[in-house]
Structures are given as C-alpha cells and as structure tokens.
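Note sheet for the following structure.
Numbering (my numbering), first residue to last: 341 to 631.
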C-alpha cells in the first residue's frame with residue numbers, strides 16, 4: 341500500500357472534481373491519501389492531514405494541485421527526503437507543473453509502478469554569514485535574489501568565485517539561478533535559458549549600471565562556491581529565495597551560494613516535451629508573424 345501526498349493551492353469545481361476522483365482511485369487500490377493540512381480544499385469527511393514537512397517524509401509521490409509556486413514550495417522539503425513530485429497545473433503559467441488534469445491518474449499509476457518519467461532538477465544551497473556565523477540557510481530550486489530592500493535605488497555588490505574576486509558592480513540586484521530558475525526571474529532580467537539537465541548556476545545582474553556587466557554561466561561543481569559580499573552602504577538589501585522566503589541583509593553580510601547535493605524529481609508530461617513547453621508557455625522560438 342502506497343502513501344500518496346496531496347497539496348492543494350487552488351479551489352474551484354474542477355479541483356474538487358479532480359480530488360474526488362483521486363480519492364476514489366486511491367481507495368480502489370487501497371492506497372493511503374494524505375493531504376497537507378493547509379490545503380485550499382479538503383474533503384469534508386475522513387481526510388487524513390499532515391504538515392508539509394511530515395508529508396514529505398511519509399509520502400511518495402506528492403501530488404500538487406496549483407501553479408509553479410505550489411510545486412516550488414513543496415520541492416524544498418521533497419529534496420530533503422527524496423519524495424517525487426507530480427505537479428498538476430491549475431496556475432497561470434504551468435512551466436514546472438507539466439501534468440494536465442486529465443493526465444493525473446495515468447501519471448500517478450505510472451509513478452506507483454515505476455513507469456512514469458521523472459526529471460531530476462538540481463538545487464542550490466544558500467547561506468548568509470554575519471560576522472562569520474550562519475544566520476540563514478535554505479535550499480532553492482529556482483533562484484536566490486539579492487536586491488535593494490527599498491522601493492528604488494541601486495546597491496553595490498562584490499562577487500567572488502572560489503574565493504577569487506570577480507567583480508564589483510552597481511545594480512538593482514543579482515540573481516543566482518539554477519537551470520530550473522533560468523526560465524523565471526533570470527530570463528526576465530536578460531539571462532539565458534539553461535537546459536535543466538545541465539549542472540550550472542547563472543549569475544544575472546538586475547539592471548546593472550554598466551554596459552559591460554552581463555549574465556554569467558558558471559559550472560556547478562562541488563568546489564564552485566559563489567560568494568556575494570554586501571559592502572558598507574546606507575541602502576538596505578534583502579535576500580529572496582524562490583520568491584517565497586525573505587531575509588534582511590546588513591552591511592558586511594556575506595551570501596554564499598553552493599551547488600547542493602540534494603535534487604528533486606518532477607514528473608514529466610507524457611504528451612509534451614521540454615521544448616514544446618518552452619514554445620507554448622514562453623513563445624520561445626515562435627515566429628512573430630501572422631502567416
């Protein structure tokens with residue numbers, strides 16, 4: 341008997357129909373269905389619930405019903421336990437949540453019988469050092485962004501790679517993105533698309549105040565440490581991890597970004613390739629013409 345986790349971040353009639361079908365399907369197989377306690381929709385009777393951390397420990401796979409943000413929030417926990425993710429898109433973009441609602445049961449059956457196609461996505465480890473002591477640490481599947489904590493204004497940043505000084509630049513901020521995150525904020529800021537199978541980290545300055553500052557793709561080996569120092573300055577800076585976790589930075593703080601040994605497996609759609617998703621979701625490689 342398998343334990344299947346469910347995280348619901350959308351609540352409409354279609355979601356309720358999908359959840360009802362999932363309950364009946366798991367009951368017919370005698371599989372146990374466990375919902376995240378904070379889900380937007382829960383069955384009225386008999387639902388087993390758990391917090392997200394425990395859900396990631398006890399369940400494999402975990403089905404997410406929502407958008408990319410839902411899957412990302414679960415991925416940081418699933419990476420610690422090895423639980424696989426099956427993201428069903430009920431959001432606006434659906435770039436990571438590849439599975440369509442009508443594909444859910446087929447993909448889930450494949451996952452439970454070890455026949456489904458899962459893609460391994462790399463993560464980065466982000467840590468903030470203050471006076472040499474760790475004051476913040478988190479995994480990230482998308483990106484770690486250092487930016488001005490105020491509404492406007494530039495900040496100065498010193499960047500080191502393997503403790504070698506690389507550059508000091510003035511900008512609105514800096515994005516440290518995984519290949520998965522290369523199609524998110526980094527892409528909007530002018531970064532390149534990196535195929536998720538590659539081991540790499542992209543540094544993408546945000547509106548740098550110099551024409552010579554350009555995005556930089558780096559190898560993601562075990563010794564490829566990226567260090568960003570916050571010089572003494574009046575402006576405030578903030579660290580954003582996956583656009584979901586925030587930490588206020590002080591002058592003198594150091595942000596360390598390392599490739600993580602952890603990874604997460606995300607279900608691939610049985611009907612769409614990675615490049616088809618690029619074309620349909622981002623209009624990548626689509627000719628801008630009417631005929």
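All C-beta atoms, glycine included, are put in the ideal place defined by N, C-alpha and C. Remember, predicted model here, so these are calculated numbers, not experimental data.
Exercise. Taking residue 603 as the reference, give the member of 416, 348 and 530 with the closest Cα.
Key: 416
Quiz item: What separation, rounded to the nearest whole angstrom, lies between the Cα atoms of residue 591 and residue 428?
Solution: 42 Å
Quiz item: What residues match up with residue 474 in a beta bridge as DSSP calls it?
Solution: 469
Quiz item: With which residues is residue 359 paired in a DSSP beta bridge?
Solution: Paired residues: none, contrary to the question.
Quiz prompt | Cβ pair count under 8 Å reaching 3, the region 391-407 against the region 571-589 | solution = no
Quiz item: Where does the unbroken alpha helix (DSSP H) through residue 500 begin, and where does it stop?
Solution: Where residue 500 is concerned, there is no enclosing alpha helix (DSSP H), although the beta strand (DSSP E) it sits in stretches over 495-501.
Quiz item: For residue 486, which of 534, 377, 567 and 379 has the nearest alpha-carbon?
Solution: 567
Quiz prompt | Distance between residue 477 and residue 483 (C-alpha atoms, nearest Å) | solution = 13 Å
Exercise. Could you tell me the distance, in whole angstroms, from the CA atom of residue 419 to the CA atom of residue 544?
Key: 25 Å
Quiz item: What residue ranges within the region 568-627 form continuous beta strand (DSSP E) runs of no fewer than 3 residues, ordered along the chain?
Solution: 577-581, 585-589 and 594-607
Quiz item: Roughly how many whole angstroms lie between the Cα atoms of residue 381 and residue 358?
Solution: 11 Å
Practice problem: Taking the CB atoms as reference points, tell me whether residue 559 and residue 526 lie closer together than 9 Å. | Solution: no
Quiz item: Tell me, which residues are paired with residue 516 by DSSP?
Solution: 484 and 543
Quiz item: How is residue 381 classed by DSSP in three states: helix, strand or coil?
Solution: coil
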